[in-house]
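Colleague: Quick note, in our numbering, the sequence shown goes up one by one and the last residue is 583.
Positions of the beta carbon are idealized from the N, C-alpha and C atoms, including for glycine.
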Amino acid sequence: MKPTTVLPDDPALPGLAAIRAHGLARAIPALGLEGSPVEVLLRAYKPGERATLEVRALGRHLAIKAYADDPAPEVELYHAFADAGLASEAGARVPPLVAWDRELRVLVIGWLEGRPLNQLVKEGQGERAGELAASWIRRVASLSLKLGPRCGVGYALYHAGRAVTGLAAVDPALGSAAKALAGKLARAQPEDHDPRLVHGTLYDRHLLDLGDGPGVIDWQRAGQGPLEFDAGMFLATLWRSGSHGPDGAAEAARAERVFLARTAGLLDEAALAWHRAAALLRLAGKANLMSRRKPDWRARASALLAEAERLAERVGQSGSGRRTESEAGAALKGSPLELVLQALSSTLNGAALDFALRALSPRPATPEELVQMRKLLAEVRKRRP
Numbered sequence: 199m200k201p202t203t204v205l206p207d208d209p210a211l212p213g214l215a216a217i218r219a220h221g222l223a224r225a226i227p228a229l230g231l232e233g234s235p236v237e238v239l240l241r242a243y244k245p246g247e248r249a250t251l252e253v254r255a256l257g258r259h260l261a262i263k264a265y266a267d268d269p270a271p272e273v274e275l276y277h278a279f280a281d282a283g284l285a286s287e288a289g290a291r292v293p294p295l296v297a298w299d300r301e302l303r304v305l306v307i308g309w310l311e312g313r314p315l316n317q318l319v320k321e322g323q324g325e326r327a328g329e330l331a332a333s334w335i336r337r338v339a340s341l342s343l344k345l346g347p348r349c350g351v352g353y354a355l356y357h358a359g360r361a362v363t364g365l366a367a368v369d370p371a372l373g374s375a376a377k378a379l380a381g382k383l384a385r386a387q388p389e390d391h392d393p394r395l396v397h398g399t400l401y402d403r404h405l406l407d408l409g410d411g412p413g414v415i416d417w418q419r420a421g422q423g424p425l426e427f428d429a430g431m432f433l434a435t436l437w438r439s440g441s442h443g444p445d446g447a448a449e450a451a452r453a454e455r456v457f458l459a460r461t462a463g464l465l466d467e468a469a470l471a472w473h474r475a476a477a478l479l480r481l482a483g484k485a486n487l488m489s490r491r492k493p494d495w496r497a498r499a500s501a502l503l504a505e506a507e508r509l510a511e512r513v514g515q516s517g518s519g520r521r522t523e524s525e526a527g528a529a530l531k532g533s534p535l536e537l538v539l540q541a542l543s544s545t546l547n548g549a550a551l552d553f554a555l556r557a558l559s560p561r562p563a564t565p566e567e568l569v570q571m572r573k574l575l576a577e578v579r580k581r582r583p
């Protein structure tokens, strides 16, 4: 969105409502801005969920994140980052936590000054983009932070289900292609080995060039998962950034080569291909949301699905990194629906599980089948070590 000084009226975001009603200085007195000139810009906004404000005051450059939900888990993560040395002023880092208010559901962090990696690709600096992304993945691999929900295969397949449903609702042909791809991913799911801290949405635009290292912003979706989860999303968005012309494609390919070379031996090749394909499917599902600004969204979604299909075929041909039928369990063999159930068993329940299952099933599940799925899900959970 274009930055604006107009703040939306959204009662679901109490922090934003307080800033609208009383001004920033009075709404968050911990910042010590009373009587000082303050510049506030709305930089990102999702109605009913969250908003990001850019603030300049007293020589300080800050970001204010206003949420509908309690930001305490994200605050805990920022404290852990600080303990791990990632809130410093040099090297790989994240924004430092400045203040937060649980009642208002807002947190204030420092603003990292840097160019996002998608911009580097546009400027012909693909090699630099690949190096920075790889250095971040290597840095995360050295951490032992165990915070946040699971963000692995189950989470990826849930978003695959959402993508299938979204595309099918607006374009049956794209929905059919997405459904077939999701089925392939469900049948070839890799192991969620050695979970680490993952960003959850490591888009190329969330990685910044800070001059002396990478910076990473927007941590509200962080959790625990394989390194390939984040690496796959980065490469998927990198491919998307480079898909708008031959020059961009060449720079994106250069960034990918450098990234893979710098992370050699750290990432499982088959698992990375799987997560890249799942991320591309997820991005394709978002393409129709951009239709008002990008009327060629169908072509974009089709291209994303085609690239995801290419990667899924590679996973199928390699056969490595996949769960065997014995590992999947005798009760969970056969259809994509049954396979995805196991992957989702540690991640989802209730309506979210129903949503994903309906999307990935070869046909809509009946109410009776959903009852049986929940029973099977309970059995799977009981068998987990």
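In whole angstroms, what separates the C-alpha of Phe432 from that of Leu229?
Modeller: Residue mapping note: residue 432 aligns to position 234 of the sequence shown, counting from 1. Residue mapping note: residue 229 aligns to position 31 of the sequence shown, counting from 1. Cα to Cα, the separation comes out at about 34 Å.
Colleague: Does the Cβ of Leu465 have 16 or more other Cβ atoms within 10 Å, making it buried, or fewer, making it exposed?
Modeller: Looking up residue 465 in the sequence shown gives position 267. Classification of Leu465: buried, given that the 10 Å Cβ count is 16 or more.
Colleague: How many angstroms separate the CA atom of Ser286 from the CA atom of Trp298?
Modeller: As a position in the sequence shown, residue 286 is number 88, starting the count at 1. As a position in the sequence shown, residue 298 is number 100, starting the count at 1. Computed Cα separation, rounded: 19 Å.
Colleague: Check whether the Cβ atoms of Ala482 and Ala361 sit closer than 9 Å, and answer yes or no.
Modeller: Within the sequence shown, numbered from 1, the residue matching residue 482 stands at position 284. Within the sequence shown, numbered from 1, the residue matching residue 361 stands at position 163. Their beta carbons are under 9 Å apart, which means Ala482 touches Ala361 by this criterion.
Colleague: Can you tell me which of the three DSSP states Arg300 falls into?
Modeller: For the purposes of this step, residue 300 is identified with residue 102 of the sequence shown, where counting begins at 1. DSSP places Arg300 in coil when its eight states are reduced to three.
Colleague: Checking 9 Å against the spacing of the C-beta atoms, do Gly418 and Lys263 come in under that value?
Modeller: Counting from one through the sequence shown, the residue named residue 418 turns up at place 220. Counting from one through the sequence shown, the residue named residue 263 turns up at place 65. The sequence shown places Gln at residue 418, rather than the Gly named in the question. Yes, these two residues count as a Cβ contact at 9 Å.
Colleague: Do you know offhand how far Leu383's Cα is from Ala358's?
Modeller: Counting from 1 along the sequence shown, the entry for residue 383 is found at position 185. Counting from 1 along the sequence shown, the entry for residue 358 is found at position 160. Rounded to whole angstroms, Leu383 and Ala358 show a C-alpha spacing of 9 Å.
Colleague: Taking 8 Å as the limit between beta carbons, can you name the residues of its chain near Ala528, skipping five residues before and five after?
Modeller: One-based indexing of the sequence shown puts residue 528 at position 330. With a pLDDT of 34 at Ala528, under the threshold of 50, the modelled position of that residue is not reliable, and no figure is offered here.
Colleague: Let's see if you can read the secondary structure: which residues bound the beta strand (DSSP E) around Lys484?
Modeller: Here the question's residue 484 lines up with position 286 in the sequence shown. That residue, Lys484, is in no beta strand (DSSP E); its alpha helix (DSSP H) goes Glu467 to Ala485.
Colleague: Keeping to the same chain, check which residues put their C-beta closer than 6 Å to that of Pro560; ignore five residues upstream and five downstream.
Modeller: Mapped onto the sequence shown, residue 560 falls at position 362. For Pro560, the pLDDT reaches just 45, beneath the cut-off of 50, and the residue's location in the model is therefore unreliable, although a value from the coordinates is still provided. Closer than 6 Å at the Cβ level, and outside the excluded window around Pro560, lies no residue.
Colleague: If you measure between the beta carbons of Lys344 and Leu395, is that distance less than 9 Å?
Modeller: As a first step, residue 344 must be located in the sequence shown, where it is residue number 146. As a first step, residue 395 must be located in the sequence shown, where it is residue number 197. Cβ distance < 9 Å, so Lys344 and Leu395 count as in contact.
Colleague: Measuring straight from C-alpha to C-alpha, what distance separates Ser441 and Gly221?
Modeller: Within the sequence shown, the letter at position 243 stands for residue 441. Within the sequence shown, the letter at position 23 stands for residue 221. Between the C-alpha atoms of Ser441 and Gly221 there is a straight-line separation of about 42 Å.
Colleague: Can you give me the C-alpha to C-alpha distance between Ala485 and Arg248, rounded to a whole angstrom?
Modeller: Your numbering for residue 485 matches position 287 in the sequence shown. Your numbering for residue 248 matches position 50 in the sequence shown. Between Ala485 and Arg248, the C-alpha separation is close to 21 Å.
Colleague: Assign Leu254 to one of three DSSP states: helix, strand, or coil.
Modeller: Looking up residue 254 in the sequence shown gives position 56. The residue you asked about is not Leu; residue 254 is Arg in the sequence shown. Strand, per DSSP.
Colleague: So what does DSSP say about Arg419, is it helix, strand or coil?
Modeller: One-based indexing of the sequence shown puts residue 419 at position 221. Arg419: coil per DSSP, three-state reduction.
Colleague: Go to Lys377, then tell me how far its beta strand (DSSP E) extends in each direction, as first and last residue.
Modeller: Within the sequence shown, the letter at position 179 stands for residue 377. Counted as a single uninterrupted DSSP element, the stretch harbouring Lys377 is not any beta strand (DSSP E) but the alpha helix (DSSP H) occupying residues Pro370 to Arg385.
Colleague: By the three-class DSSP mapping on this structure, what secondary structure does Asp392 have?
Modeller: Locating residue 392 in the sequence shown gives position 194, counting from the first residue. The answer is coil: DSSP assigns Asp392 none of H, G, I, E or B.
Colleague: Leaving out five residues before and five after Ala501 in sequence, what residues of the same chain have Cβ atoms less than 8 Å from its Cβ?
Modeller: Taking the first residue of the sequence shown as 1, we reach residue 501 at position 303. Excluding the 5 residues flanking it on each side, Ala501 has same chain C-beta neighbours closer than 8 Å at Ser441, in chain order.
Colleague: In angstroms, rounded to a whole number, what distance separates the CA positions of Ala207 and Arg303?
Modeller: In the sequence shown, counting from the first residue as 1, residue 207 sits at position 9. In the sequence shown, counting from the first residue as 1, residue 303 sits at position 105. At residue 207 the sequence reads Asp, which differs from the Ala that was named. Roughly 16 Å between the two C-alpha positions.
Colleague: Kindly list the residues whose CB is nearer than 8 Å to the CB of Gly409, restricted to its own chain and excluding five residues on each side of it in sequence; keep chain order.
Modeller: In the sequence shown, counting from the first residue as 1, residue 409 sits at position 211. Gly312, listed in sequence order.
Colleague: With DSSP collapsed to three states, give me the class of His357.
Modeller: On the sequence shown, position 159 is the one that residue 357 refers to. In the structure shown, His357 sits in a helix (DSSP, three-state: H, G or I).
Colleague: Across the segment 321-332 and the segment 441-457, are there enough close Cβ pairs to call them in contact, namely three or more that are closer than 8 Å?
Modeller: yes
Colleague: Taking only the alpha-carbon atoms, compute the straight-line gap between Arg224 and Val236 and give it to the nearest angstrom.
Modeller: The residue labelled residue 224 in the question sits at position 26 within the sequence shown. The residue labelled residue 236 in the question sits at position 38 within the sequence shown. The alpha-carbon atoms of Arg224 and Val236 are separated by roughly 12 Å.
Colleague: Tell whether a beta-carbon distance below 9 Å holds between Ala477 and Pro424.
Modeller: The residue you call residue 477 lines up with position 279 of the sequence shown. The residue you call residue 424 lines up with position 226 of the sequence shown. At the C-beta level, Ala477 and Pro424 stay beyond 9 Å of one another.
Colleague: Would you list the one or two residues that DSSP bridges to Leu341?
Modeller: Taking the sequence shown and counting its residues from 1, one reaches residue 341 at position 143. Looking at the DSSP assignment, Leu341 forms no beta bridge with any residue, so it has no partner.
Colleague: According to DSSP, is Tyr276 part of a helix, a strand, or is it coil?
Modeller: Taking the first residue of the sequence shown as position 1, residue 276 is located at position 78. Three-state result, Tyr276: helix.
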